[in-house]
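Here the sequence shown stands for residues 1 to 588, numbered as in our numbering. A virtual CB, placed ideally from N, CA and C, is assigned to each residue, including glycine. Please read these numbers as outputs of a predicted model, since none were measured by experiment.
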Amino acid sequence: MRRDPQRPSWLETWGLAVVAGLLLVLVFLVWGAGSLGDLVAGHPVETNPFAYVLGLVAGSRAWSGWPATLVLVLVAGLAGGLALLLWRRLRRRGGPTQRRIDRAARLLAHPRELGPLSPAGVAASAARLRPRSTIDPHDPAQHGRLRGRTVVGNMPVRSSWEDTEAHIWGPRRGKTTSQVIPDIVDAPGPVLTTSNKRDVVDATRGVRERAGTTWVFDPQQVAGESPTWWYNPLSRVIDIESAQILAGHFVAGTRDPNARTDSYFDGSAESLLAAYFLAAALGRFTLADVYEWLVNARDITPRETLADHGERLVAGDVQSVQEAPDKQRSGVYDTAKALLRCLRSRQVLEWVTPPGRPRPEFRPDDFVTSTDTLYLLSMEGPGAAAPLVSALADHVCTAAVTHAATMPLGRLDPPMVVQLDEAANICRWRELPNLYSHFGSRGVVVSTILQSWSQGVEVWGEGGMRKLWSAANVRTYGGGVAETAFLRELSELAGDHDRQVYSTTYDSGGRRSRSANSRTERILTVDLLAAMPAGRALVIASGAPACLVRTIPWMDGPHAEAIRTSLATYDPGARAQQQAPILAKPSS
1 MRRDPQRPSW LETWGLAVVA GLLLVLVFLV WGAGSLGDLV AGHPVETNPF
51 AYVLGLVAGS RAWSGWPATL VLVLVAGLAG GLALLLWRRL RRRGGPTQRR
101 IDRAARLLAH PRELGPLSPA GVAASAARLR PRSTIDPHDP AQHGRLRGRT
151 VVGNMPVRSS WEDTEAHIWG PRRGKTTSQV IPDIVDAPGP VLTTSNKRDV
201 VDATRGVRER AGTTWVFDPQ QVAGESPTWW YNPLSRVIDI ESAQILAGHF
251 VAGTRDPNAR TDSYFDGSAE SLLAAYFLAA ALGRFTLADV YEWLVNARDI
301 TPRETLADHG ERLVAGDVQS VQEAPDKQRS GVYDTAKALL RCLRSRQVLE
351 WVTPPGRPRP EFRPDDFVTS TDTLYLLSME GPGAAAPLVS ALADHVCTAA
401 VTHAATMPLG RLDPPMVVQL DEAANICRWR ELPNLYSHFG SRGVVVSTIL
451 QSWSQGVEVW GEGGMRKLWS AANVRTYGGG VAETAFLREL SELAGDHDRQ
501 VYSTTYDSGG RRSRSANSRT ERILTVDLLA AMPAGRALVI ASGAPACLVR
551 TIPWMDGPHA EAIRTSLATY DPGARAQQQA PILAKPSS
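Structure (structure tokens):
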């Protein structure tokens, strides 16, 4: 609830001082102009400004004509110009809400309290974490990822190469322009990013092509990309455990988080799917074969393949389902088929099965040692390729962790930047909260980007979302969220401050007395966090107090021209504008 604070006595004192100061400036302005005019006209000059002005008011002194008027106009014009510049600067500071939150920033962390996130802090951590690399001390992008500049002090705030991140930004708050795109173009090593739109691909592809190969996984034609390469999800399956991980991606990516589940049929279908994935991997079959096995529930090929490769227990599980009563068997197989419904699309299948004509195969083990870029695109809803997106993201990150274990300090160098944008919609990675803290220690710097807290709860549950949020070393909030429980927690994390409240009383004789009391209040209230304007973000990092930053869009960054060139090359809208014919002006 908003309160109108009592006006303290010092405000009244300062108000009187400002009025007196303005009158003093006016007196000296009139005296100065008149004195210069008298000097030009050859008249005696009055050395006392107050006597001069009083003489003009009383009529005992004459104004010295056009010279004084000219000087007065010039000085007044200069003062007006300065006032206009000041007004424009204040206007650029934003509306009332932005001014309120910027004032609150003075009560949050001071730049000197943000040591690990400061330029010196991230430079030191980069030297420690990347001993094999020659890091340019004058290139801050090699030291960490820019989150913004502090509203107080204008200090760059960066996360280090061992920090995992969690971002909650409402729609159209500038997270793509100020967080995702800059992180991608600044990355020193391989990049993996997910999206349900083509904007990130168009903006960064031209820049990242200078660093290495750009791989665009686009089975649903989000960016209109044809399959010039393919990926085999079964290539990571070597045992029943890895097969279960792959099956889990299809469960999480296909099933509606709010849907009712059946403990028997859903659990049995996931186990059956894992067994079929293992059979396909061992027997060098494809995902298309897996789907056909599910269509023909009595096909003994997967069962025999498992037995031939020593997986007799798993083969026995398949046999027990195949020999179950018809209703029970059909329920399990129908549920398993539903999990693979995205494979019914020939367009999707082309990306994940061996091609009829030669196409390179994407190999995660090679990718993590490169400086390539992998864009994972998918739509939302039934039949979406989201399970394949999360499976490929998991495969790449697992390969990165495995490779990091063979490197000095057990870390990737250069680190791999992972941007899981729209994670709750197209990359429902069930085990992500459990892996988060481990990724950072291996040089796999993951950022999970959500539109609200409840999005994460739908995917990982309340406990999983809290685990991910707590495991993230850097947490940011970019506004646009109306969930009061989440905002209340942010308000608590931002902290309190003691506010002086002044009151004035009058006794029976009319004598005034003033008193001051201290009151503890939240620095950032729930209503202020809900109304946070675009261009501001709250940053809460481990081991540091919360701070407010001014976000920096790519248009104001060092790669602006290269990104514009990339957009002109790959954005269909930009190309259409360039190719539009210019109509000649009709002759008169």
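Open item on the list: Measuring only the C-alpha atoms, how far is Arg428 from Met379?
Closed with: Locating residue 428 in the sequence shown gives position 428, counting from the first residue. Locating residue 379 in the sequence shown gives position 379, counting from the first residue. Whole-angstrom Cα-Cα distance: 13 Å.
Open item on the list: With distance defined between alpha-carbon atoms, name the residue in Ala223, Trp554, Gly543 and Thr569 nearest to Gly115.
Closed with: Here residue 115 is taken as the residue at index 115 of the sequence shown, counted from 1. The residue with the shortest Cα to Cα distance from Gly115 is Gly543.
Task: Gly478 classed as buried or exposed, judged by whether at least 16 other C-beta atoms fall within 10 angstroms - done: Looking up residue 478 in the sequence shown gives position 478. With 16 or more other Cβ atoms within 10 Å, it is buried.
Task: Nearest candidate by alpha-carbon position, reference Arg147, set Gly557, Asp571, Glu561 and Val200 - done: Residue 147 sits at position 147 when you count from the first residue of the sequence shown. That would be Gly557, whose Cα lies nearest to the Cα of Arg147.
TODO: Look at the Cβ atom of Leu294, then the Cβ atom of Lys337, and state whether they are nearer than 8 Å.
DONE: If you number the sequence shown from 1, residue 294 lands on position 294. If you number the sequence shown from 1, residue 337 lands on position 337. Yes, the pair counts as a contact, with Cβ atoms nearer than the cut-off.
Open item on the list: Whether or not the segment 147 to 158 and the segment 337 to 350 are in contact is what I'm after, with contact meaning three or more pairs of Cβ atoms, one per stretch, closer than 8 Å; do they touch?
Closed with: no
Open item on the list: Please state the DSSP three-state secondary structure of Phe50.
Closed with: For the purposes of this step, residue 50 is identified with residue 50 of the sequence shown, where counting begins at 1. Reduced to three states, the DSSP call for Phe50 is helix.
Open item on the list: Closest to Leu420 by C-alpha separation, out of Pro188, Val152 and Asn196, would be which residue?
Closed with: Counting from 1 along the sequence shown, the entry for residue 420 is found at position 420. Measuring from the Cα of Leu420, the nearest candidate turns out to be Asn196.
- [ ] Under 6 Å Cβ to Cβ from Gly212, same chain only, skipping five residues before and after it: list those, please.
- [x] Mapped onto the sequence shown, residue 212 falls at position 212. Ser370, Thr371 and Asp372, listed in sequence order.
TODO: Measure the C-alpha to C-alpha separation of Pro572 and Pro553 and round it to an integer number of angstroms.
DONE: As a working note, residue 572 is residue 572 in the sequence shown. As a working note, residue 553 is residue 553 in the sequence shown. Their backbone Cα atoms lie some 22 Å apart in a straight line.
Open item on the list: With distance defined between alpha-carbon atoms, name the residue in Leu107, Ser118, Trp31 and Arg112 nearest to Val75.
Closed with: The sequence position of residue 75 within the sequence shown is 75, counting from 1. Checking every option, the nearest Cα to that of Val75 belongs to Trp31.
Open item on the list: Taking 7 Å as the limit between beta carbons, can you name the residues of its chain near Val352, skipping five residues before and five after?
Closed with: By one-based count along the sequence shown, residue 352 stands at place 352. Hits under 7 Å: Trp230, Tyr231, Asn232, Pro233, Leu287 and Leu388.
Open item on the list: Applying the 10 Å Cβ sphere with the 16-neighbour rule, what's the burial state of Asn48?
Closed with: Mapped onto the sequence shown, residue 48 falls at position 48. Exposed, since its Cβ has fewer than 16 Cβ neighbours within 10 Å.
TODO: Let me know the secondary structure DSSP gives Asp496 once reduced to three states.
DONE: In the sequence shown, the residue the question calls residue 496 occupies position 496. It is a strand residue.
Task: Three-state secondary structure (DSSP) of Ala472 - done: Within the sequence shown, the letter at position 472 stands for residue 472. Coil at Ala472, not helix or strand.
Task: Beta-carbon gap between Leu374 and Phe217 smaller than 8 Å - done: By 1-based counting over the sequence shown, the position of residue 374 is 374. By 1-based counting over the sequence shown, the position of residue 217 is 217. Against a cut-off of 8 Å, the Cβ pair of Phe217 and Leu374 comes out as a contact.
Task: Closest by C-alpha distance to Pro564, when choosing among Gln319, Ser470, Thr204 and Val526 - done: Taking the sequence shown and counting its residues from 1, the one referred to as residue 564 is at position 564. Contrary to the premise, residue 564 reads as Arg rather than Pro in this sequence. Nearest option by C-alpha distance: Thr204.
TODO: Starting from the N-terminal side, write out each stretch of the alpha helix (DSSP H) that is 4 residues or longer and does not extend beyond the segment 429 to 475.
DONE: 432 to 441 and 453 to 471
Task: Length-filtered (4 minimum) alpha helix (DSSP H) runs lying within the segment 213 to 301 - done: 240 to 254, 263 to 282 and 287 to 295
- [ ] Report the residue ranges of all beta strand (DSSP E) runs contained in full by the segment 138 to 215; include only those spanning at least 3 residues, in chain order.
- [x] 145 to 150, 156 to 159, 165 to 168 and 191 to 195
Task: For Ile101 and Glu113, the rounded distance between their alpha carbons - done: Here the question's residue 113 lines up with position 113 in the sequence shown. Here the question's residue 101 lines up with position 101 in the sequence shown. If I take the Cα positions, the gap works out to 19 Å.
Task: Paired residues, beta bridge with Ala541 - DSSP - done: What you label residue 541 is simply residue 541 of the sequence shown in a count that begins at 1. BP columns for Ala541 point to Val474.
Task: Sequence ranges, alpha helix (DSSP H) only - wholly within the segment 293 to 356, length at least 4 - done: 301 to 308, 312 to 322, 326 to 339 and 346 to 352
- [ ] Please go through the same chain and pick out, in chain order, the residues whose beta-carbon is closer than 6 Å to the beta-carbon of Val191, but skip the five residues on each side of it.
- [x] Numbered from 1 along the sequence shown, position 191 holds the residue referred to as residue 191. Here the set comprises Ile184, Thr373 and Val417.
Open item on the list: If I measure Cβ to Cβ from Asp4 and keep anything under 6 Å in the same chain, skipping five residues before and after, which residues do I get?
Closed with: Stepping through the sequence shown from its first residue, residue 4 is reached at position 4. Note on Asp4: pLDDT 38, under 50, position unreliable in the model; no value is reported.
Open item on the list: In this structure, how does DSSP classify Thr565 when only helix, strand and coil are distinguished?
Closed with: Indexing the sequence shown from 1 puts residue 565 at position 565. Three-state result, Thr565: helix.
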